[in-house]
Ligand code: ADP
Ligand code: ZN
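Numbering (the working numbering), first residue to last: 289 to 546.
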């Protein structure tokens, strides 16, 4: 009887030791995972139709989380505003809602990415890549020149009807150093002036209804091949539903997946 009690006690002690070892191991591996995430550098891109709110989300990540953002649309509009040679070329496509040719976009993004390649900050590419060729070039560029960065694709999901409404009602501040974005439903902008710098708000040429439908056609045509390019390269597409959500809610959900 005594031997049986001894054996049972020993088994019990053995199990306790085993359990504590396991939990230590689990805790350690959790810690390792957290540290890995903390040290990880990311390059995010948002897969979303025009008007889904990727620009606003990128701006929030920049101001609240110190991310660096390259918005190809803003970069191109700056060239147009400064009437540079490139700007004159870009305007031809943008005013019609067409995509700027891949070669031109890729060389501008490449120059920018190389200029920030040693940064410790997280990066967002807003509006790039937009075609499968741009996606493939970017993936190669990251592999070769920014190997410490991990590429992440986040799809902002929302219906076409909801964003058409938003785009038609979007007003922007034309002041290059401000570029605030508003919606005509906001009573504060009834006077048509920017709340930050008092410039007279404008509607972007490409937010006019006829150009919007062209931009949608271009977007949905490219989305399929973009998704395929990511799948072919083994890149997971993360989903963030942005329907009926305020910019702040979307930002909170984005933070949760970081
Ligand atoms: P939105 O996302 O609201 O369409 P953007 O400001 O991102 O607007 O882009 C405005 C325009 O700039 C596009 O319609 C297109 O003509 C041009 N553009 C921006 N990014 C790219 C890109 N990656 N490839 C080709 N054209 C681009
Ligand atoms: Zn302004």
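We put the beta carbon where it would ideally sit given N, CA and C, even for glycine.
- Between residue 465 and the set 418, 354 and 370, the nearest pair of CA atoms involves 370.
- Scanning 416, 407, 351 and 530 for the CA closest to the CA of residue 436 turns up 407.
- When the beta-carbon positions are compared, residue 419 and residue 510 come within less than 8 Å of each other.
- In the three-state reduction of the DSSP assignment, residue 492 falls in the coil class.
- Secondary structure remark: continuous alpha helix (DSSP H) runs of at least 4 residues inside the region 390 to 444, in chain order: 390 to 403 and 420 to 433.
- The set of residues with CB atoms less than 6 Å from any heavy atom of the ligand ZN reads, in chain order, 461, 463, 466, 468, 482, 484, 485 and 487.
- Put simply, the region 390 to 401 does not touch the region 332 to 339. Fewer than three CB pairs are less than 8 Å apart.
- A distance below 8 Å separates the beta carbons of residue 358 and residue 413.
- Boundaries of the beta strand (DSSP E) harbouring residue 527: 525 to 529, taken from the DSSP string.
- Counting only the Cα atoms, residue 534 lies some 23 Å from residue 410.
- Exclusion of the five residues before and after residue 517 leaves 420, 423 and 424 as the residues of its chain whose Cβ lies within less than 7 Å of its Cβ.
- Counting only residues of its own chain and dropping the five nearest sequence neighbours on each side, residue 529 has a CB closer than 7 Å to the CB of 445.
- Residue 452 and residue 328 have their C-alpha atoms spaced approximately 36 Å apart.
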